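These notes are about the structure you will find just below.
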Amino acid sequence: MFNFTFHNPTKVIFGKDAIGRIAGEIPRDAKVMITYGAMSARKYGVLDEVVSALAGFDITEFGGIEANPEYETLMQGIALARKKNINFLLAIGGGSVIDGTKFMAAAIPFNNEPFLLLENKGADICRALPVGAVVTLPASGSEMNNRAIISRKSVRLKRAIMNDCLFPRFAALDPTKTFTLPVRQIGNGVVDTFVHVLEQYLTYPVNGKVQDRLSEGLLLLLMEEGPKALVDPKNYDVRANLMWAATLGLNGLIGAGVPQDWAAHRAGYELTVLYGLDHAQTLAVIVPAMLKVRAGSKKQKLLQYGERIWGISSGTEATRIDTTIDRTRAFFESMGLPTRLRGYGIQAVDTDLVIKLLEAHGLSNMGENNDVMPDVMREILNLCH
Ligand code: NZQ
Ligand code: ZN
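Going by the numbering used here, the sequence shown opens with residue 41, and the numbers climb by one from there.
Rendered as structure tokens:
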């Protein structure tokens, strides 16, 4: 196991009454800006519930944060917050609203061009307003981590920043708030969480047995409960388990002390920018192709994953690995996500452009061994069609 420091300051408030418990987490004299997405928070009553829970607080609302939150939209929120002297941000939504709100939290007190905060992977962020999160879509894990992924389509950019100032103060997780998710977002959430675990688990062994067993537990849970959410969307226990799994999948716990990959995520950002695929859709396409191409360096963990998750223990190593990748692909498909680009109506990807963008974004040698070079990425992308 590698040396590590693990610190996660986010308080988790879980259960049917979670929103009713947030008022005590916000200073009584705070000027609060509630942020949300295009429509769902208002339509399904979560916004009203939050506003009622914060009766007596000084509240400003900022809605309209889109999926893959756009820099230009967030700039409007930053301007509004500055005008109203906001000093607490409360996000209602999935990864996009929470990430966008975290970025605003860092940008509001920043005295320079906010775009600069996206440089250097967010390392230059010195402070941020406090953020709370009310989760309506379990997937990103953003509610309990220090990351934000911000897009700026005009310059073909989707970039991850990480900084400990970005940990939310609290995350309110009420599984009933996920009952309204459309099938596509249920599938997206399960696949994104599954891949977060794979990015931290499916690398090379370092005897991180605690991390391996925690990861395997989450993967098995997602396989068991994910399909149930598709057919029984109002099953509280199913939703509760998926919600908690999504948060634990990317809150630093399973990744502490082990190598991490993230090449599928990074390449996926470019596919979202260029072709508009949902975040999880990019992963469903890239991961099976990536595992095929990188089976050599991931061999030991692939065999372990195949045996412990998919029960594949006989046959040659090569056939076991092939079957493991096939089963992974079939699971993504069973959650409603095509695993080939043509499944999304994309006949051909401009591989040169994807690689050019990755290089421009400083991502030409990715993965746990820094060996996912442009030629490897080209091979992976060619397998995605
Ligand atoms: O905008 P509204 O109307 O609210 O609709 C949203 C949105 O269209 C809808 N939705 C959310 N909750 C709902 C609901 N619809 C019905 N009922 C509900 N309860 O779902 C749509 C997608 O929402 P979004 O927030 O975009 O989804 P997700 O949570 O998958 O977030 C994706 C973003 O998170 C980033 C992704 O890159 C992407 O930008 N990620 C953030 C990470 C992090 N901060 O650690 C890690 C992840 O790997 C990921 O990259
Ligand atoms: Zn993800």
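For glycine and all other residues, C-beta sits at the position ideal for the given N, C-alpha and C. Quantities reported herein were computed from a predicted structural model and do not represent experimental measurements.
Is the separation between the beta-carbon of residue i and that of residue j shorter than 8 Å?
i, j, result
"A179", "A81", "no"
"M144", "T50", "no"
"F128", "V72", "yes"
"N186", "L158", "no"
"Y276", "P215", "yes"
"A335", "F372", "no"
"G162", "M202", "yes"
"V137", "Y84", "no"
"G289", "H236", "yes"
"L270", "I226", "yes"
"M41", "G297", "yes"
"A303", "V394", "no"
"A212", "I66", "no"
Could you spell out where the alpha helix (DSSP H) holding residue i opens and where it closes?
i, result
"A227", "The sequence as given places Gly at residue 227; Ala does not occur at that position. Segment 223 to 241, the alpha helix (DSSP H) holding G227."
"A400", "391 to 400"
"D301", "First-last for D301: undefined, no H or E at that position."
"F371", "357 to 374"
"L290", "Note, L290: premise wrong, no alpha helix (DSSP H); not H, not E."
"K332", "319 to 333"
"K339", "339 to 350"
"D415", "414 to 422"
Taking the DSSP output, what are the residues bridged to residue i?
i, result
"S31", "Because the chain in this structure spans residues 41 to 425, residue 31 falls outside the shown range and cannot be described."
"G77", "In the DSSP output, where bridge partners are listed per residue, G77 has none listed."
"M263", "Answer is none; M263 lacks a bridge partner."
"L133", "One detail in the question is off: residue 133 reads as Gly in this sequence, not Leu. The partner list for G133 (beta bridge, DSSP) reads V175."
"V91", "DSSP output for V91 lists no bridge partner at all."
"K71", "D98"
"A212", "I53, V174"
"F128", "V72"
"M406", "V412"
With burial defined as no fewer than 16 other Cβ atoms inside 10 Å of the residue's Cβ, what is the status of residue i: buried or exposed?
i, result
"R279", "buried"
"D139", "buried"
"V230", "buried"
"D301", "buried"
"P109", "buried"
"G402", "exposed"
"L260", "exposed"
"V195", "exposed"
"E310", "buried"
Note the first and the last residue of the continuous beta strand (DSSP E) segment covering residue i.
i, result
"I53", "51 to 54"
"E101", "98 to 102"
"A168", "Segment: none, A168 is in no beta strand (DSSP E) and carries neither H nor E."
Mind checking whether the beta-carbon of residue i lies closer than 7 Å to any heavy atom of the ligand NZQ?
i, result
"Q225", "yes"
"K51", "no"
"K274", "no"
"D232", "yes"
"R187", "yes"
"K217", "yes"
Using only the heavy atoms of the ligand ZN, determine whether one of them is closer than 7 Å to the beta carbon of residue i.
i, result
"D139", "no"
"V313", "no"
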